[in-house]
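Remarks on the structure that follows.
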Amino acid sequence: MKDRDEILLADDAGLSRRCELEFCRGSGPGGQKRNKSSSAARVRLIGSDFSATDCTERSQHRNRANALRKLRMSIALAEREKFTALRRPLCAVDHAEYPLYIAQLFDALAENNWSLPETGARLAATPTSLLKILSRDPQVWQAFCDRRAEAGLPSLTPRK
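In our numbering, the protein residues as written are 87 to 246.
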C-alpha cells in the first residue's frame, strides 16, 4: 500500500471518503433500541481487503469513529514499508498519530527481524523501553508476539 502513512494520518472525514461505509443493526444484548436502530458501523477501505466493524455504542457516529480507528490499527499492524525514521519519539495510545507510530515501529522491528536489541540500537532506545511501548496495547502486543513467533524467536513477557 503506497499511501499507508497518508491513510493513517487522515482525519475521520478524509478516511471516510476512501471507504465504503455501511450501517446496520448490531448484534448482541441491548434490547429494543439495538433491534430498531441501525447504529452498527462497517467500514471497508476501497481497493483493499481492510475492513472493520464496531457496534459497541448506541451512537452511529461513535461506532463509525471506532470502526475507523480499528481500520487504521489493522492497516498499521499489517502493512510494512521501508523504515526511515519515527515521526515521533514516543506517542500516547489515544493520540491521533498512534497508528502511524506503531506502523513505523513495526517497520523498524521487521527490518531487524523482530529483535528488540537490534531495533533498540537503531532507534537509540533500550530493549526494555521498546518492550514497555509494545506491551501497553494488547492488540499491538499480540501482533508483535505473532510476528516474533513467525520469525522463530522465543516469546517474551510484557513489561508494565
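Glycine is no exception: its CB is placed at the ideal position from the N, C-alpha and C atoms.
> Whose CA, out of A211, N199, A127, A96, lies closest to the CA of A162?
Replying inline: Taking the sequence shown and counting its residues from 1, the one referred to as residue 162 is at position 76. When only C-alpha atoms are compared, the closest one is A96.
>> Below 8 Å, how does it come out for the segment 191-202 and the segment 226-240: are there three or more Cβ pairs, yes or no?
In response: Output reads yes: the segment 226-240 touches the segment 191-202.
> Short check: CB of A151 to CB of D91, under 8 Å?
Replying inline: Sequence index remark: in the sequence shown, residue 151 carries index 65 (1-based). Sequence index remark: in the sequence shown, residue 91 carries index 5 (1-based). No; because the gap between Cβ atoms is not below 8 Å, this pair is not in contact.
>> Could you compute how far the alpha carbon of R222 sits from the alpha carbon of L216?
In response: What you label residue 222 is simply residue 136 of the sequence shown in a count that begins at 1. What you label residue 216 is simply residue 130 of the sequence shown in a count that begins at 1. Those two C-alpha atoms are separated by around 10 Å.
> R130 bridges to which residues according to DSSP?
Replying inline: Position 44 of the sequence shown, counted from the first residue, corresponds to residue 130. The partner list for R130 (beta bridge, DSSP) reads E106, S137.
>> Contact between the segment 174-185 and the segment 135-149 is defined here as three or more beta-carbon pairs at a separation below 8 Å; is this criterion met?
In response: The segment 174-185 and the segment 135-149 do not touch, with fewer than 3 CB-CB distances between them shorter than 8 Å.
> Going by alpha carbons, who is nearest to A189 out of R158, T205, A138?
Replying inline: Residue 189 sits at position 103 when you count from the first residue of the sequence shown. For A189, the nearest C-alpha among the options comes from R158.
>> I need the straight-line Cα distance from L101 to L220, nearest angstrom please.
In response: As a first step, residue 101 is located in the sequence shown; it is residue number 15 there, counting from the start. As a first step, residue 220 is located in the sequence shown; it is residue number 134 there, counting from the start. One C-alpha to the other measures close to 25 Å.
> From T214, A138, K88, pick the residue whose C-alpha is nearest to that of C105; which is it?
Replying inline: Numbered from 1 along the sequence shown, position 19 holds the residue referred to as residue 105. Considering only alpha carbons, the answer is A138.
> How would you label T205, buried or exposed, when you count the other beta carbons within 10 angstroms and need 16 or more for buried?
Replying inline: Position 119 of the sequence shown, counting from 1, holds the residue named residue 205. T205 counts as buried, since at least 16 other C-beta atoms from the protein chains shown sit within 10 angstroms of its C-beta.
> Apart from the five residues just before and just after L209, which ones in its own chain have a Cβ nearer than 7 Å to its Cβ?
Replying inline: Within the sequence shown, residue 209 is the residue found at index 123, counting from 1. Hits under 7 Å: L172, A194.
>> Whole angstroms are fine: how far does the CA of I132 sit from the CA of K88?
In response: If you number the sequence shown from 1, residue 88 lands on position 2. If you number the sequence shown from 1, residue 132 lands on position 46. For K88 and I132, the distance between alpha carbons rounds to 14 Å.
> In chain order, which alpha helix (DSSP H) runs of at least 4 residues are fully inside the segment 162-242?
Replying inline: Listed in chain order, the alpha helix (DSSP H) elements of length 4 or more contained wholly in the segment 162-242 are 184-197, 202-209, 213-221, 224-236.
>> Can you look up S160 in the DSSP assignment and give me helix, strand or coil?
In response: Mapped onto the sequence shown, residue 160 falls at position 74. Helix at S160.
> Helix, strand or coil: how does DSSP classify N121 here?
Replying inline: Taking the sequence shown and counting its residues from 1, the one referred to as residue 121 is at position 35. Because the pLDDT at N121 is just 47, under 50, the model does not fix this residue reliably, and the value given afterwards should be weighed accordingly. N121: helix per DSSP, three-state reduction.
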